Amino acid sequence: MRRFLVLAALFLTVLASSRRHRLLRKLLQKPVNYDDAPSNVETVWYTNMRLDHFTWGDTRTFDMRVMWNNTFYKPGGPIFFYTGNEGALESFVTATGIMFDLAPQFNASIIFAEHRFYGKTMPFGNDSYATLANVGYLTSEQALADYAELLTDLKRDNNTLGKTFPANTRVISFGGSYGGMLSAWFRQKYPHLVQG
């Protein structure tokens, strides 16, 4: 393993020194700062997200962080929905330019939902990873149900976020890596909520 890491570091150093790889050299010299979301993105909290969507009678809830951009939205436009994945939401907001590039063309609202147990969306606060019982709620099924609940609520009057979309608003899901898998599974499991 150590040998592999040394070879990988050497390869990246040689690659970065090459004139043909200026972008890689630039990335290696200056770290990307993901501390803040872009200024045109609003951060809101979806309160009372169910901890367990599949056990009847379990009324425990937590707050889920959502980032939102309505700059390009016009009535009749879709929601571009990012299925949050394994990290803090800011890193995905700043690295997902395609949604911002396409939104003006489609009059779309852009919504990023943070995955439970990542970033600031910690169902049990500082104890979220303290026990196996707590971590047992960190599943893709629960995360997809979180996203379904959020989108369903956004199409209701007087919803938790105070922002309402018409019931027939189409939703296009986006994601990358694990989030890309979530996006595909979301479309498959909840076809009545996600059209693309």
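With mature numbering (1 follows the signal peptide of the UniProt record, and there is no 0) as the guide, the letters of the sequence shown map in order to residues -16 to -1, 1 to 180. Glycine included, each C-beta is placed from N, C-alpha and C at the ideal position. This structure is a prediction, so every number in the text was calculated from the model and none was measured.
Query	Result
Quick check on DSSP: helix, strand or coil for Tyr66?	strand
Using only the alpha-carbon positions, how far apart do Ala97 and Met51 sit?	7 Å
Considering just the uninterrupted stretch of the beta strand (DSSP E) at Trp52, what are its terminal residues?	Thr45 to Asn53
Just how far apart, CA to CA, sit Val25 and Ile95?	9 Å
For the pair the segment 41 to 48 and the segment 142 to 151, tell me if three or more CB-CB distances fall below 8 Å.	no
Relative to the C-alpha of Arg49, which candidate in Asp85, Asn152 and Leu134 has its C-alpha closest?	Leu134
Is Asp20 helix, strand or coil by DSSP?	In this prediction, Asp20 has a pLDDT of 45, which is less than 50 and means its spatial position is unreliable; nothing more can be read from the coordinates.
Considering Phe170, what are the terminal residues of the alpha helix (DSSP H) in which it resides?	Tyr162 to Lys173
Counting C-beta neighbours from all protein chains within 10 Å, is the total for Phe65 16 or more, i.e. buried, or is it exposed?	buried
How would you call Ala114, buried or exposed, if buried means at least 16 neighbouring beta carbons within 10 angstroms?	exposed
Would you mind giving the Cβ-Cβ distance between Leu166 and Thr67, rounded to the nearest angstrom? I have them listed as a contact below 8 Å.	4 Å
For Ile94, list the residues DSSP reports as bridge partners.	Asn53 and Phe64
State the beta-bridge partners of Phe158 as determined by DSSP.	Tyr66
Could you check where the beta strand (DSSP E) with Val28 kicks off and where it finishes?	Glu26 to Arg34
With contact counted as at least three CB pairs below 8 Å, one residue from each stretch, are the segment 109 to 128 and the segment 73 to 85 in contact?	no
So, helix, strand or coil for Thr105, using DSSP?	strand
Hey, how far is the Cα of Gln126 from the Cα of Thr55?	30 Å
Do Ala92 and Gly60 have their beta-carbon atoms positioned less than 8 Å apart in this structure?	no
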